[in-house]
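In my numbering, the protein residues as written are 71 to 373.
Presented below is the structure to which this report refers.
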Amino acid sequence: MLIVFFLLTSTSLYSLEIYFTKDNTVLDKVLDIIKGTENELLIVAFSLDHPEIIEALNDLAYKGVHVEAMVDNSTIQRTVLLDPAFKVLCDSSDALIHTKFLISDMKHSIIGTGNFTLSGLQEGLNSFLFFDSDEIASGLYDFFYAIENGLSVNEFAFSNYSFYLLPNFSLKKKVLNQMLSAKGSIFIAAYAFTDYDFLGVMKLQSIRGVEIRCLVDSWTYNYGEIVSYLNNPFLIRRVGSQKSLHEKTMVLDDEVVITGSANLTYSAYEKNRELVVIIKNKEVAKEYLQYFNYIWEVWGDDN
């Protein structure tokens, strides 16, 4: 499903489109953005090896468009084997480059939970935000430069959106406080969920009467910690028999959405290069809740 929001700030009009891979439309939209680039395209992801994406990026490079990509060093071979005609960088530190975003012509940007791969764009369950905003693209450009040069950078905000490049040692506390402030519900869809700080908040909020529902990939479910710690399997469903859940999204009180590349793990919030977006918008939250409920009913498994 495509959801489009046209929003006006005090200085500019911008748009947000939300795409979910369950609808089989994400790849075409990403390709449209890439093919429409005229001057410069920057892309960063843990892995980049979707053949159609590589082909589209190569076509840009052949036309003289500046194309630059960054991937984690553990996956760069998969990109190189597809003969990229553009510049590809990698990082050799212990921390992962795990963020996933794209900037086109300093105007259009994509932020997602999935990589630019077959599983990320088509096979797994992921969500993607497509922004049309000079200001957001500029902020993401600063993030790209920081990753490329091994620097830290402050978060930036635009309208009801806040963007964070990790490591950012204040963000984890901020997210935990947002969860603690929830009065009605906390819905989480996450591939990896092993950090006891987040688990502890969920346990406490459940005791306080806040509705807690959690979708996890079968990998996390089989790991067992989340199930035994929360001690209420009726609040947890796993996805994995037909689909892989690669989400990293939570919805609080039908109003706040926290999404991006960061799993609920120690490494994500303390070590890796991750991108997290906090959105305060009831209409956006409504769309994510519908998506969550669809997965819960169609692919969720209590056993």
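Quick reminder that beta carbons are idealized off the backbone N, C-alpha and C, glycines included.
Bear in mind that the values here come from a model prediction, so they are computed numbers and not experimental data.
Annotated three-state conformation of LYS99 is helix, per DSSP. According to the DSSP assignment, ASP287 belongs to the beta strand (DSSP E) that extends over 281-287.
Distance from the CA of ASP161 to the CA of ARG278, rounded to the nearest whole angstrom, comes to 43 angstroms. For ASN185, the number of other beta carbons within 10 angstroms of its own is at least 16, and it is reported as buried.
Annotated three-state conformation of ARG278 is coil, per DSSP. Counted as a single uninterrupted DSSP element, the beta strand (DSSP E) harbouring LEU322 occupies residues 318-322.
A buried status is given to LEU195, since no fewer than 16 other beta-carbon atoms sit within 10 Å of its beta-carbon. Around the beta carbon of ASN342, 16 or more other beta carbons lie within 10 angstroms, which makes this residue buried. Less than 8 angstroms divides the Cβ of SER174 from the Cβ of THR107. With a contact defined as Cβ atoms closer than 8 angstroms, ALA355 and GLU317 miss out at about 15 angstroms. With contacts defined as CB atoms closer than 8 angstroms, PHE90 and TYR361 qualify as a contacting pair.
Nearest in C-alpha terms to LEU322, of all of ILE349, LEU334, ASP371 and ILE256, is ILE256.
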